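So the sequence shown is numbered by our numbering: it starts at 746 and just counts up by one.
Every residue, glycine too, gets a C-beta built ideally from N, C-alpha and C.
The structure displayed is predicted, hence computed values, not measured ones.
One structure is given below, encoded as structure tokens.
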Amino acid sequence: MDLMFYSLTGKLIYKEPEFAAIECGGVAFQCYTTMNTQRSLPGIGEQVTLYTYLHVKEDALDLFGFSTRTELNCYKMLTSVSGVGPKVGLSILSELSSEQIAISVAAGDYKTLTKASGVGPKLAQRIILELRDKVKKMSGEPGVSLPGTSGGFVGISSATGNASEAVNALTVLGYTPADAASVVARLDSSLPVEELIRLSLKAMAANL
746 MDLMFYSLTG
756 KLIYKEPEFA
766 AIECGGVAFQ
776 CYTTMNTQRS
786 LPGIGEQVTL
796 YTYLHVKEDA
806 LDLFGFSTRT
816 ELNCYKMLTS
826 VSGVGPKVGL
836 SILSELSSEQ
846 IAISVAAGDY
856 KTLTKASGVG
866 PKLAQRIILE
876 LRDKVKKMSG
886 EPGVSLPGTS
896 GGFVGISSAT
906 GNASEAVNAL
916 TVLGYTPADA
926 ASVVARLDSS
936 LPVEELIRLS
946 LKAMAANL
């Protein structure tokens with residue numbers, strides 16, 4: 746059902762900490778948002794685009810809006826974890842950026858996730874374990890490779906260092922291991938993980 750609305754582009758007519766209202770063709774859509782998305786919104790009356798996710802409940806259809814596809818993908822990954830509902834997902838992405846979450850998962854740092862309201866140590870550990878397991882399964886795809894130290898290529902599962910961690914983090918953000926590896930492979934693997942992720946996201950955005 747989340748494919749019913751890919752994005753909304755229209756006039757921002759109202760916003761408050763938990764949601765924004767976007768008018769499209771005379772119809773105003775209420776979108777629940779993160780604080781990170783809120784900070785990127787333009788002024789009232791200006792045009793805005795939000796990438797959306799439709800959550801279907803028995804008694805309601807809740808629409809969630811995100812300023813970037815990266816944040817939307819990260820939200821989908823988070824809410825795929827048992828115990829992480831739509832509101833908890835928003836809470837996490839309001840406290841941390843998508844990149845910070847991805848780095849935490851790749852590094853096994855559950856304590857950072859506990860900064861978000863409603864996320865205790867047990868849930869934070871579950872998020873780390875389940876998402877790392879998803880990444881591990883996805884990284885087993887054939888043809889996924891990273892540059893090796895001898896100038897050749899090695900599989901993600903055997904690659905080490907910042908490049909491998911960056912690929913894992915990008916996978917958490919919804920990119921396929923193959924796409925992530927192909928971008929990271931063009932960068933200097935000695936750069937910090939955060940910089941590799943930032944540069945990779947910039948390169949991917951430029952190719953959209």
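Residue i vs residue j beta-carbon contact at 7 Å
i, j, result
"L799", "L808", "yes"
"V801", "L757", "no"
"F764", "T754", "no"
"S843", "S812", "no"
"L876", "V912", "no"
"Y855", "I837", "no"
"T954", "A925", "The structure shown does not extend to residue 954, since the chain is modelled only from 746 to 953, so the question has no answer here."
Pick from the options that is closest to residue i, judged by C-alpha positions
i, options, result
"C776", "T797, L838, K832", "T797"
"K821", "L946, L918, S909", "L918"
"A773", "Y759, M780, N781, T782", "Y759"
"P787", "A805, D804, I767", "I767"
"Y751", "G810, E761, T782", "G810"
"T921", "K882, A805, I837", "K882"
"S839", "N781, T859, I846", "N781"
"C819", "E910, G828, M949, Q845", "Q845"
"A861", "G770, R931, M949, L823", "L823"
"S825", "D878, D804, L841", "D878"
"C769", "Q783, L795, A950", "L795"
"L841", "G830, V829, T859", "T859"
Reduced DSSP category for residue i - H, G, I as helix; E, B as strand; rest coil
i, result
"G853", "coil"
"I789", "coil"
"G755", "strand"
"K760", "strand"
"D807", "strand"
"Y820", "helix"
"A950", "helix"
"L841", "coil"
"V826", "coil"
"T815", "helix"
"V917", "helix"
"T859", "helix"
"Y772", "The question names Tyr, but residue 772 is Val in the sequence shown. Reduced to three states, the DSSP call for V772 is strand."
"T797", "strand"
Pairwise C-alpha distance: residue j and residue i
i, j, result
"G790", "V833", "30 Å"
"L835", "A914", "19 Å"
"I848", "T857", "10 Å"
"S934", "V928", "11 Å"
"G853", "R871", "11 Å"
"L936", "E910", "12 Å"
Cβ-heavy atom distance, residue i to the ligand GTP, below 6 Å
i, result
"K760", "The ligand GTP is absent from the structure shown, which contains no ligands of any kind."
Would you be able to state if there are at least three C-beta pairs under 8 Å between the segment 938–950 and the segment 864–872? Contact between the segment 864–872 and the segment 938–950 is absent, because fewer than three Cβ pairs lie under 8 Å.
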